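First comes the structure, then the notes that go with it.
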Amino acid sequence: MVEISYKNFNLQQICDSGQCFRMNRTQENTYQLIAQERLLKMEQKEESIVFFCSEKEWEEVWRDYFDLDTDYEAIIKTIDHKDDYLQRAAKYGSGIRILHQDLWEMIISFIISQQNNIKRIRKCIQTICERFGEKKTAEDGEEYFTFPTPQTLARVSEEELRQCNLGYRSRYIKKTAEQVQTYEKWNQFEVFHYQEAKKELMKFCGVGEKVSECICLFALQKKQAFPVDTHIRQVLQRHYPEGFPFERYKKNAGVIQQYIFYYDLTKKENKDIGQNR
DNA sequence: CCTCAGGACAACC
DNA sequence: GGTTGTCCTGAG
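Encoded structure:
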């Protein structure tokens with residue numbers, strides 16, 4: 004068990020920021036995450052977070068995964084003081100961190116994400132893990148499924164993928180799994196710069212510009228990647244009709260994007276709750 | 001019944 | 001190089 008006190012680190016905000024589809028809230032203040040072939044349980048306390056794993060595992064696996072060596076407060080401080088909207092958004096989602104997730108898993112996850120909503124994306128991924136992943140048992144006896152490997156998904160038929168409700172994306176996934184098998188530069192993604200990584204990722208079937216940017220941000224730690232979906236596009240039009248100041252935030256634009264996304268998303272949900280009452 | 005949710009791709013012009 | 005139709009599914 005490891006307990007850390009860290010200012011810009013909130014599990015609920017990370018959960019709801021739409022970057023990780025295998026992290027869930029299990030109870031009021033407890034969460035679990037399946038990543039790195041492991042199941043990690045966590046508890047959010049007022050001033051700290053408890054991770055139910057050994058000190059060794061925390062240092063070797065999760066420290067990097069949760070991007071602990073990046074100072075998010077410093078990024079927030081670079082925000083234009085006159086930019087009221089961004090100030091509010093960053094303050095609201097100041098506990099968000101950009102997770103260092105697995106490349107292969109992100110490629111498939113964000114291919115699934117196109118024309119899809121978060122709830123359904125989670126369900127689709129859960130299904131392919133249960134059907135094609137490896138069943139494991141955690142130390143406390145809880146069973147979970149790992150994300151299927153490229154080898155496995157390359158052998159799965161398109162029809163079997165369709166039965167996971169992946170729709171027309173089934174063909175993309177099948178083909179990308181096959182492409183990855185024979186892709187020679189796989190190990191080079193760690194050294195590719197942003198533009199090159201983005202371009203290379205778009206060679207995979209079903210990966211366009213938006214999906215590629217998501218993969219760059221959430222798997223390759225390219226914090227300058229700024230995925231623009233229809234949702235973000237609307238926000239930019241509404242709040243930045245003169246254009247968004249990309250130059251100012253260039254190397255951390257992706258972090259800013261996450262603040263905007265999370266702020267706008269949960270703000271809308273709050274509105275809905277208000278109307279229902 | 002139709003529309004839309006965090007797009008990509010091929011087939012055009 | 002820009003535009004348009006098509007591709008699944010489930011919720012509203």
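Note that the first sequence covers residues 4 to 280 in our numbering.
Beta carbons: idealized from backbone N, C-alpha and C, even for Gly.
Remember, predicted model here, so these are calculated numbers, not experimental data.
Approximately 6 Å separates the beta-carbon atoms of F150 and G136; this is inside 8 Å, confirming the contact. By the Cβ-count criterion, Y262 is buried, with 16 or more other Cβ atoms from all chains shown falling within 10 Å of its own Cβ. Rounded to the nearest whole angstrom, the C-alpha separation of R174 and Y265 is 31 Å.
Taking a cut-off of 8 Å for Cβ pairs, the stretch 22-41 and the stretch 138-149 touch, as three or more such pairs fall below it. Using a 10 angstroms sphere on the CB of M45, the tally of other CB atoms reaches 16 or more, which defines it as buried. In the displayed model, V214 falls within a helix according to three-state DSSP. The Cβ neighbour count for Q118, taken over all protein chains shown within 10 Å, is under 16; the residue is labelled exposed.
Assigned with DSSP and collapsed to three states, N27 falls in strand. Going by beta carbons, D70 and H103 fall inside the 7 Å limit.
Of the other Cβ atoms in all chains shown, 16 or more fall within 10 Å of the Cβ of K201; this residue is therefore buried. Here A256 is not bridged, per DSSP, to any residue. Between T185 and F207, the C-beta gap is not smaller than 7 Å, which leaves the two residues out of contact.
Residue burial annotation: Q166 is exposed, with fewer than 16 other C-beta atoms found within 10 angstroms of its C-beta.
In the displayed model, A228 falls within coil according to three-state DSSP, outside both helix and strand.
K85 carries a coil assignment under DSSP once its states are collapsed to helix, strand and coil. Each of R66, Q22, L89, K59 was checked against the Cα of R241, and the nearest Cα belongs to L89. The C-beta of I131 has 16 or more other C-beta atoms within 10 Å across all chains shown, which makes the residue buried. The alpha-carbon separation between E181 and K80 amounts to approximately 44 Å. One alpha carbon belongs to I115, the other to L268, and they sit about 20 Å apart. Around L169, the same chain offers I115, C127, I131, I176 as residues with beta carbons nearer than 8 Å, after the five sequence neighbours per side are excluded.
The straight-line gap separating the alpha-carbon atoms of P230 and V214 is approximately 8 Å. The Cβ atoms of A222 and M109 sit closer than 7 Å to each other.
If you draw a 10 Å sphere on the C-beta of E162, you find fewer than 16 other C-beta atoms in it, and that means exposed. Shown here, T140 sits in a strand according to DSSP, grouped into three states. Taking the CA atoms as reference points, T152 sits about 18 Å from C23. Rounded to the nearest angstrom, the gap between the Cα atoms of R91 and K59 is 37 Å.
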